[in-house]
Structures are given as structure tokens and as C-alpha cells.
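Here is the structure we will look at, set down as C-alpha cells.
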């Protein structure tokens, strides 16, 4: 529209000029000049707007380019994050598979170890039972020593068969005869009427025998002390052997010292030594005087069974016993030393120590039994009982513990949450649960 008006003005000016240039300056129309100046101004404004539009288009193109660039970078970051997540998932899967393999291998090794232990136990039980029938005991109770010992005894018996000849006939002495017994008397320590398991080495609660020298007769020869230091005496875990231990105490209290060569479980003793042994046990057999228990009978404290050995007593066989509320007795696992630490399992129960004194010839004295805490039930101290009651009233207990991780040398701080329904172990700091177990409904607390 504006362009058309400009053309009209130019046409009018041309016609006016055509009529006469001389009169142009005098006849100009002021309105026409004003319109012309306006048209020029609008044309300049249009050019300015076009320039601004062009600049805006350029800026828009730049922004679009930056947007595309940012979208590409965002896509690359997304792909990188996905790759990292896939790597983390793959690593976790491999770690779980590796741990599963370790667990399966550990289970297999544990099974193989159990089979080997069962075979070893069968071998040791059979061989020790066989040797016990003839009153023979090796000093060191392991499979290798027993095998070598049996081999030596067979060699001695074989040489004895070849050496004893009477009128052309080979006379073989009984393996349990007094001659063979006396021959090995100073070399091997006899354990009459005592469960075999007490002679097998116990690594769990074994204490050096040097700690027990205070309970032995100081007059015992050095060789005997060495023999005693090499012997270990673990707990009585077999129920049949525990019954045998009880029978020993009953026999000792009633004065029954008969040793028979049969299936009764007692060791063989020659007939000509029987009367002498019975009289020695009743009159001057080994024993302990002023037998007492030292220490406070509360959980966590140590008890010590001690006394004065008399009549050539050189060794004392200890066994701590837990008396339950129903009247039954329970031999405490691993408690075969004079010293015993009271545990939480002993609370509300009676505990006693049983001791069988022995001399350097293997003779046993009277079984001595003494109850701890003046034959009263074991109780917690007031402070401990108050803490237990507090936990029970809350229904929850929290303890700081150390958790063993993958490496055997790597221990981490953790928190144990103990509740009525179950327990949970969390790593300190991350609060990530590592172990979470629910108690059985049959469990009482």
C-alpha cells in the first residue's frame, strides 16, 4: 500500500515538473511533501524490522544447534549410564556366582571332613576299645600313634610266641596277662574304668598340663610328669561313655574294684593282683583332701576345682557336670580341666565338678563330686539381671559387634539387632542388612 502511494506521488511530481520546472518550487504542495517524508520513514522502519527478523532467525538457528548438541550429549550420557549399570549387574552376578561356588565348595569340604572324622572316630573307638580289653593304652591318642602302637604290640606278641617254647609246644601268653602288663607298666599309662573319650586329645579346651602341676603329687618322677603332659583329656560326649563315667563313681563309692576280662567295659587285671588292688584302693589308694571350688559362680567368672593330692596321687581327671531342673545330668562339652568359665547356659542350673584321682601306676581313687555355689542354682549378678530384664521389657537389644567379611583379616563394625521375632546384623554407616533371620515359632524366650 505504501509503495503504491509513493508511486502516485512520484507520478504527480513528474506531471508537475512537466508543466513547468520554473514554477515547481513555488507550487509544491505541502501535504504531498509530508506524505513523501512519511513514506521514506516507514521504508526505513521496514528495513530495520527486516534486519531484526534476520538477526532473530540467526539466533534461533544457533539455539536449535545448541539444543541438538545438548540432546546428543544427553543421549551419550544415558548410554554411558546404561553401560555402567549393565557392568554393575554383571559384576554382581559374577560375584554371587563366585560366592555360590565358594559355598558349595565349603559344603563339600565340610562333608568330606565329616566323613573323614567319622572314619577316624570309628577307627580310634575300635582300636582303643580293643586295646582297653587288654589293659593297654598309648600315651598319645591319635590314629598314627595307635597304629604304630598296635604294630609294636603285635611285634612283641609275635616275638613272645617264638620265644616261649615248652616240650616242643609253643605256649603263648595271654595279651592281658600280668607279665605283659608289667612289661609295659612303666611305659604306658593305664586308665581303668574311665571312658575312652577322656583320653583323646581335645584342642578346644585343653590347657597345658604345666598349669595342673599344683594338683599333682610333687613327688612323682619326671618321666611320669612328661607322660602326663603329653596326654589330653577332652569332654565325654558319648552318652554310653557318660553312663560308664557314672558307673565308675558308683563302683568307687561302694568299694567295687573287680576288674573282669569280658564285655562289661572294664579293663582286664590278672587274678593274682585283684586282691592287692582292692585292698590298696580301700586303704591307701590315691585321693584328694580338702577338695574345694574357688571363684564366684556367676556368668563370666572362672571356677577352679582344687585340693591336696594324697597317697601318691599324680593325676586328677576332671569333668564339669550340669544338673538340669528335671533331675537329669549333662556333661558340659569341653569342660575337662580344673578351670571352668561359667556361661549363660548354666543359669538356673546346678553345676558340679567330678574328679577321679590316679597314681603313677594307673590306679584310681574314690570319685569326688562337689557342687558349686553351695549346691544352689547359678544366678546372674544384680546388674546383669537388671540389664537382661530391661532388654526383655523392651523386646529389643542392640549390640555393637565385629563382622568378618570375605577376607579373614577384614573385620567391619556392625550392629546386632536382637528382637523377639528374630535378629538382624547391619553394617555400621551404610545400615545395609547383612544377616536377617526369623526365630522359629517353637522357640521360647
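Residue numbers (the working numbering): 112 to 556. Ideal Cβ placement from N, Cα and C applies to all residues, glycine included. The structure displayed is predicted, hence computed values, not measured ones.
Could you check where the beta strand (DSSP E) with residue i kicks off and where it finishes?
i	result
residue 430	424-434
residue 234	Unbroken run through residue 234 is the alpha helix (DSSP H), 141-244; no beta strand (DSSP E).
residue 477	Looking at the DSSP string, residue 477 is not in any beta strand (DSSP E), and its letter there is neither H nor E.
residue 465	461-470
residue 524	522-530
residue 486	Looking at the DSSP string, residue 486 is not in any beta strand (DSSP E), and its letter there is neither H nor E.
residue 420	413-421
residue 398	398-405
residue 533	533-538
residue 547	544-549
residue 452	450-452
Could you work out which residue in the options is closest to residue i when comparing CA atoms only?
i	options	result
residue 414	429, 400 and 421	429
residue 480	402, 506 and 544	402
residue 406	484, 173 and 213	484
residue 532	477, 526 and 548	548
residue 523	493, 510, 538 and 449	538
residue 62	503, 536 and 268	This structure gives no information on residue 62, because the portion of the chain shown stretches from 112 to 556.
residue 235	256, 221 and 220	256
residue 422	408, 399 and 242	399
residue 472	424, 431, 460 and 433	424
residue 486	534, 203 and 436	436
Express the C-alpha separation of residue j and residue i in angstroms, rounding to a whole number.
i	j	result
residue 352	residue 200	Bear in mind that the predicted position of residue 352 carries a pLDDT of just 44, short of 50, making it unreliable; the figure below should be weighed with that in mind. About 55 Å.
residue 216	residue 469	46 Å
residue 495	residue 530	18 Å
residue 417	residue 516	43 Å
residue 500	residue 442	29 Å
residue 404	residue 223	42 Å
residue 225	residue 231	10 Å
residue 449	residue 419	13 Å
residue 583	residue 142	Coverage of the chain is limited to positions 112 through 556, which leaves residue 583 absent and any answer about it impossible.
residue 259	residue 474	26 Å
residue 426	residue 396	13 Å
residue 409	residue 503	20 Å
residue 270	residue 263	11 Å
residue 459	residue 239	38 Å
residue 434	residue 440	5 Å
residue 228	residue 213	22 Å
residue 521	residue 545	15 Å
residue 552	residue 476	49 Å
residue 195	residue 181	21 Å
residue 511	residue 482	36 Å
residue 541	residue 198	22 Å
residue 211	residue 221	15 Å
How would you label residue i, buried or exposed, when you count the other beta carbons within 10 angstroms and need 16 or more for buried?
i	result
residue 168	exposed
residue 447	buried
residue 489	buried
residue 543	exposed
residue 462	buried
residue 455	exposed
residue 140	exposed
residue 453	buried
residue 218	exposed
residue 492	exposed
residue 158	exposed
residue 172	exposed
Considering residue i, what are the terminal residues of the alpha helix (DSSP H) in which it resides?
i	result
residue 496	493-505
Within the same chain, show all residues whose beta-carbon is closer than 7 Å to that of residue i, passing over the 5 residues directly before and after it, in chain order.
i	result
residue 266	none
Take residue i and list the residues in its own chain whose beta-carbon comes closer than 6 Å to its own, dropping the five residues that flank it on each side.
i	result
residue 431	443, 446, 451 and 464
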